[in-house]
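**Student:** My questions all concern the structure below.
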Amino acid sequence: MATRHYSEIDGRSSGFFALLALLAIMVAGGFGGAWYMEHNGHYVTGMSNRIVWGVPHVFAVFLIVAASGALNVASIASVFGRELYKPLARLSGVLSITLLAGGLAVLVLDLGRPERLIVAMTHYNFKSIFAWNIFLYTGFFAIVAAYLWVMLERRMNAYSKPLGLLAFLWRLILTTGTGSIFGFLVARESYDSALYAPLFIIMSFAFGLAIFILVLMAACGGARRPLGDAIVARLTTLLGQFVAVVMYFVLVYHLTNLYFTGRHDFERFILVDGGVYTALFWLGQVLIGGILPLALLFHPVWSRSRRAVAAASICVIVGGLAQIYVIIIGGQAYPLAIFPGKEVASRIFDGVIATYAPTLPEVALGVSGIALALVLTAVALKVLPLLPRSLADRDVAAVPPGNA
Amino acid sequence: MSLDRRSFLGLGAAALAGVAITPGLRLIELVQARSPEEAASALRRWGLLIDTARCTDCEVCVTACHTENGITGHGRPATDAQWIRKVTLSDKRTGHAQTLPLMCQHCEHPPCVDVCPTGASFKRADGIVLVDKHTCIGCRYCVMACPYGARSFIHETVTGQKPDVPRGKGTVESCTLCVHRIDRDGQPACVEACTTDGGKAMVFGDLNDGAGELHQRLRREPAIQLRADLALNTGVRYQGL
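Heads up: the sequence lines are chains A and B, in that order. Heads up: the first sequence begins at 264 in my numbering, then just goes up one per residue. Heads up: the second sequence begins at -19 in my numbering, then just goes up one per residue.
Here it is as structure tokens:
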């Protein structure tokens, strides 16, 4: 009986080490930025008492959301029994762990008191969705690590289905928790919506798969392992569907707000005259993150080009960052409605759109989260047998069901 | 000057008596403070009433608060701490203008306390909402959750702290209702300043005390809570809005 062969990537080429070095420099830059912010205080960032969550949160939330989505490929294989995805499951699991690690590193380093992480681990307020998320994140690491182990250890392969199911359910709860960080904020018109939980789940599907496709292409290309059209075509269609559903949820969210008279001003701010937020919404989120990838992924000719699929994945990532920027920063920039029907003014900018211009240290910190996730992934590919020796169409099809 | 034996003994006895009595005087002060067990009782609910008709254009409440609590700025209004601020309102249709002080509303169901992951944001039994500076990790989720924009994140090193008001870079803080004064049977600095130097627009008291001025006024006269739609049952009430 044919079996699938996985092996570590060689990882001795100068290109591989150059990649590691570049990523390491980016990670070091982020840590330097975090040290600078911690040493001087957050006033050296663009953040203020009105915009308390800035660019680091944009990257952190993006990575945390993408992490749970990156696990999808493994879930489709283990939970839904799709054989074509099985050879990709190990990479999917590892990527979900490394993306979460990158996101959490940024989140923790942006705290006012990052050295008090131990306090967050020992003092809990269980009414806080943040406190729940701490358990959801650590639980995710543990469950996916166990899931990876049963996939890697041949004797334990039989357990990959139940553990895969547990990981799948856990990741749905985790992203519900991440979305609810915003959905539960009753005081702000921009948040306060149950839609944030399912919206974040479908965003995670799209962002995670886009990153997965790029990492898969880079790994197969770099390690000179064949990657057949069958797998790429399947992932292409899937990504297109996810992007379309994200756009649907965004449409429903804004339609609901447009129906509520009390939220017209907020919608006008995001959709019409919000300056950078309006631009990021239409150009970043809708055009680059939605329309362009849909055109590339569903076009009868373009969708067969690897470059087009890679470009679409990059678009989904860029559009996703724009979307989270609009959600997090745009949502805070819009003033609180404390006095309905009144023009409000004060010394600390009540009643006006808050300004925010990110500074280098916080951008470096945010970007370092992506670099950290990628460097961990590269090292994992070198030390663990994650990637099949061949993903060519004939090899993917030749392996009998159940032989992961 | 030489000291004879009699004078030496006399002065020595007086000094000894002084040494013995001084801590005693300090003890009287401590005895007058409440013991830890009765420091904060749910029988009380501290609150404020702000009469916007009396509130003038002055900022004595803001100045008094920041002097009392050692809040000094760095000339950066976007990041400087602001425990209490004067807000001017004008009606969008009629242009009717008003001014009022806005600070932590000391909600009965504070969203900041709900969202705080570590429990650093907490509500005392007597309704005062505070931040435990030892367990605040600086995540700023409470700032996101507060409907009144009442909280400040400390963006830089603080100097000139008051012994009663511990503060720290990287943590979040807001109006404490001058809890250190209340625990010594005083009233918040803003209310005191408004009464002596301002428009006498602020009344401090126990919302539960039927005989107190605050309770009496709220029983006789109409007053509202800000964002009453959120059903947070604020401790601070406004008249004339």
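For each residue, glycine too, the CB sits at the ideal point set by N, CA and C. Nothing here was measured: the structure is a model prediction, and the numbers come from that model.
1. Using CA coordinates, which residue listed in Ala211/B, Ala44/B, Lys180/B, Lys72/B is at the minimum distance from Ile64/B?
2. Ala608/A versus chain B: which residues are under 9 Å apart at the beta carbon?
3. If we call anything under 8 Å between Cβ atoms a contact, is Thr308/A one with Gly295/A?
4. Under a CB-based cut-off of 8 Å, is Pro146/B close to chain A?
5. Quick one: which unbroken alpha helix (DSSP H) runs of 4-plus residues sit fully inside the segment 35 to 118 of chain B? Chain order, please.
6. Jot down the residue ranges of each uninterrupted beta strand (DSSP E) in the segment 120 to 204 of chain B, minimum 3 residues, whole runs only, in chain order.
7. Taking the beta carbon of Gly53/B as the centre, do at least 16 other beta carbons fall within 10 Å, making it buried, or is it exposed?
8. According to a CB-to-CB cut-off of less than 9 Å, which residues of the segment 443 to 454 of chain A neighbour chain B?
9. If you scan the segment 472 to 535 of chain A from start to end, which runs of the alpha helix (DSSP H) of 4 or more residues do you find wholly inside it?
10. By the 8 Å beta-carbon criterion, what residues does the segment 293 to 305 of chain A contribute toward chain B?
11. Mind listing which residues of the segment 146 to 169 of chain B have their C-beta closer than 9 Å to chain A's C-betas, in chain order?
12. Within the chosen definition, does the segment 169 to 187 of chain B reach the segment 25 to 35 of chain B through at least 3 CB pairs nearer than 8 Å?
13. Val321/A by DSSP, collapsed to three states: which one?
14. Counting only Cβ pairs nearer than 9 Å, list the residues of chain A close to Thr47/B.
15. Relative to the C-alpha of His517/A, which residue among Arg531/A, Val607/A, Pro648/A is closest?
16. Look up Val216/B in the DSSP assignment and give the residues it is bridged to.
17. Pro621/A to Leu628/A, Cα distance in whole Å?
18. Write down the C-beta distance between Tyr121/B and Pro97/B rounded to the nearest angstrom, noting that I regard them as a contact closer than 8 Å.
19. Could you tell me whether any Cβ in chain A is nearer than 8 Å to the Cβ of His195/B?
20. Our contact map puts Cys92/B next to Ala125/B with C-beta atoms below 8 Å; I'd like the distance itself, whole angstroms only.
21. Could one say the Cβ of Tyr218/B lies closer than 8 Å to chain A's Cβ atoms, at least one of them?
22. Mark Gly215/A as exposed unless 16 or more other C-beta atoms lie within 10 angstroms of its C-beta, in which case mark it buried.
23. Please name the residue, chosen from Thr499/A, Val506/A, Ala323/A, Gly552/A, that lies closest to Pro563/A on a Cα-to-Cα basis.
24. Could you tell me whether any Cβ in chain A is nearer than 8 Å to the Cβ of Tyr88/B?
25. Output needed in chain order: residues of the segment 95 to 114 of chain B with a Cβ under 7 Å from some Cβ in chain A.
26. Would you kindly report the start and end of the unbroken beta strand (DSSP E) that includes Glu301/A?
27. Using 8 Å as the threshold, is the segment 424 to 443 of chain A in touch with the segment 333 to 343 of chain A, meaning 3 or more CB pairs across them?
28. Measure from the alpha carbon of Val357/A to the alpha carbon of each residue in Phe322/A, Ile406/A, Ala383/A, then state which is nearest.
29. What does Gly129/B touch in chain A if you count any residue whose Cβ is under 8 Å from its own?
30. Assuming Lys605/A is part of the beta strand (DSSP E), what are its boundary residues?
31. Let me confirm a value: Met466/A is counted as buried when at least 16 other C-beta atoms fall within 10 Å, else exposed. Which label applies?
32. For the alpha helix (DSSP H) that contains Lys349/A, what are its first and last residues?
33. List the residues of chain B that Ser391/A touches, going by C-beta distances under 7 Å, in chain order.
34. Since Cys483/A and Leu654/A are thought to touch, with beta carbons under 8 Å apart, how far apart are those beta carbons, to the nearest angstrom?
35. Could you tell me the alpha carbon to alpha carbon distance between Arg147/B and Gln78/B, rounded to whole angstroms?
36. I'd like the list of long-range same chain contacts for Ile314/A, defined as Cβ closer than 7 Å, with 5 residues on each side in sequence excluded.
**Tutor:** With the structure as the only source:
1. Translated into positions along the second sequence, residue 64/B becomes position 84. Comparing Cα positions, the closest option is Ala44/B.
2. As a first step, residue 608/A is located in the first sequence; it is residue number 345 there, counting from the start. Below the 9 Å Cβ cutoff, chain B contributes Val67, Thr68, Leu69, Ser70 as neighbours of Ala608/A, in chain order.
3. Within the first sequence, numbered from 1, the residue matching residue 308/A stands at position 45. Within the first sequence, numbered from 1, the residue matching residue 295/A stands at position 32. 8 Å or more divides the Cβ of Thr308/A from the Cβ of Gly295/A.
4. For the purposes of this step, residue 146/B is identified with residue 166 of the second sequence, where counting begins at 1. Output row for Pro146/B: interface = no.
5. The segment 35 to 118 of chain B contains these whole alpha helix (DSSP H) runs: 40 to 48, 91 to 95.
6. Taken in chain order, the complete beta strand (DSSP E) segments of 3 residues or longer contained in the segment 120 to 204 of chain B are 182 to 186.
7. Taking the first residue of the second sequence as position 1, residue 53/B is located at position 73. Here Gly53/B is exposed, its C-beta having fewer than 16 other C-beta atoms within 10 Å.
8. Answer set for the segment 443 to 454 of chain A: Ile444, Phe445, Phe447, Leu448, Val449, Ala450, Arg451, Tyr454.
9. If only complete runs of 4 or more residues are kept, the segment 472 to 535 of chain A shows the alpha helix (DSSP H) at 492 to 522, 527 to 531, in order along the chain.
10. Cβ contacts with chain B come from Glu301, Asn303, Gly304, His305.
11. Per Cβ criterion, the list reads Gly148, Lys149, Gly150, Thr151, Val152.
12. Between the segment 169 to 187 of chain B and the segment 25 to 35 of chain B, the count of C-beta pairs closer than 8 Å reaches three or more; the two stretches touch.
13. The count along the first sequence starts at 1 and reaches residue 321/A at position 58. In the three-state DSSP reduction, Val321/A falls in the helix class (H, G or I).
14. What you label residue 47/B is simply residue 67 of the second sequence in a count that begins at 1. Ordered by position in chain A, no residue passes the 9 Å Cβ test against Thr47/B, which lies about 17 Å from the chain.
15. Counting from one through the first sequence, the residue named residue 517/A turns up at place 254. Among Arg531/A, Val607/A, Pro648/A, the Cα nearest to that of His517/A belongs to Arg531/A.
16. In the second sequence, the residue the question calls residue 216/B occupies position 236. DSSP output for Val216/B lists Leu28/B as bridge partner(s).
17. Position 358 of the first sequence, counted from the first residue, corresponds to residue 621/A. Position 365 of the first sequence, counted from the first residue, corresponds to residue 628/A. In this model, Pro621/A and Leu628/A are separated by some 11 Å (Cα to Cα).
18. Position 141 of the second sequence, counted from the first residue, corresponds to residue 121/B. Position 117 of the second sequence, counted from the first residue, corresponds to residue 97/B. About 7 Å separates the beta carbons of Tyr121/B and Pro97/B, which is inside the 8 Å limit, making them a contact pair.
19. Translated into positions along the second sequence, residue 195/B becomes position 215. False, the Cβ-Cβ gap to chain A never drops below 8 Å.
20. Taking the first residue of the second sequence as 1, we reach residue 92/B at position 112. Taking the first residue of the second sequence as 1, we reach residue 125/B at position 145. With 8 Å as the limit, Cys92/B and Ala125/B qualify as a contact, their Cβ atoms being about 5 Å apart.
21. In the second sequence, residue 218/B corresponds to position 238, counting from 1. At a cut-off of 8 Å between beta carbons, Tyr218/B makes no contact with chain A.
22. Nothing can be reported for residue 215/A, as the shown portion of chain A is limited to 264 through 667.
23. The residue labelled residue 563/A in the question sits at position 300 within the first sequence. Shortest Cα-Cα distance from Pro563/A to any of Thr499/A, Val506/A, Ala323/A, Gly552/A involves Thr499/A.
24. Reading the second sequence from its first residue, position 108 is the one you call residue 88/B. Per the sequence shown, the amino acid found at residue 88/B is Glu instead of Tyr. It does not; no Cβ of chain A falls within 8 Å.
25. For chain A, the residues of the segment 95 to 114 of chain B that bring a beta carbon within less than 7 Å of one of its beta carbons are Val95, Cys96, Pro97, Thr98, Gly99, in chain order.
26. Counted from its first residue, the first sequence places residue 301/A at position 38. Element bounds for Glu301/A: not the beta strand (DSSP E) but the alpha helix (DSSP H), 277 to 303.
27. As far as the Cβ criterion goes, the segment 424 to 443 of chain A touches the segment 333 to 343 of chain A, which means the pair count is three or higher.
28. On the first sequence, position 94 is the one that residue 357/A refers to. When only C-alpha atoms are compared, the closest one is Ile406/A.
29. Here residue 129/B refers to the residue found at position 149 of the second sequence. Within chain A, Asn312, Arg313, Leu599, Ile601, Ile611, Asp613 have C-beta atoms less than 8 Å from the C-beta of Gly129/B, given in sequence order.
30. Residue 605/A sits at position 342 when you count from the first residue of the first sequence. From DSSP, the beta strand (DSSP E) with Lys605/A extends over 605 to 609.
31. The residue given as residue 466/A occupies position 203 in the first sequence. It is buried - the Cβ of Met466/A has at least 16 other Cβ atoms within 10 Å.
32. Locating residue 349/A in the first sequence gives position 86, where the first residue counts as 1. Taken as a continuous stretch (DSSP letters only), Lys349/A belongs to no alpha helix (DSSP H), as it is neither H nor E.
33. Residue numbering aside, residue 391/A sits at position 128 when the first sequence is read from its first letter. Those within 7 Å of Ser391/A in chain B are Asp94, Val95, Cys96, Pro97.
34. Position 220 of the first sequence, counted from the first residue, corresponds to residue 483/A. Position 391 of the first sequence, counted from the first residue, corresponds to residue 654/A. Rounded, the Cβ-Cβ distance is 6 Å, consistent with contact.
35. Position 167 of the second sequence, counting from 1, holds the residue named residue 147/B. Position 98 of the second sequence, counting from 1, holds the residue named residue 78/B. Linking Arg147/B to Gln78/B through their CA atoms gives a straight-line distance of about 33 Å.
36. One-based indexing of the first sequence puts residue 314/A at position 51. So the list reads Ile592, Gln595, Ala596, Ala617, Tyr619, once near-sequence residues are dropped.
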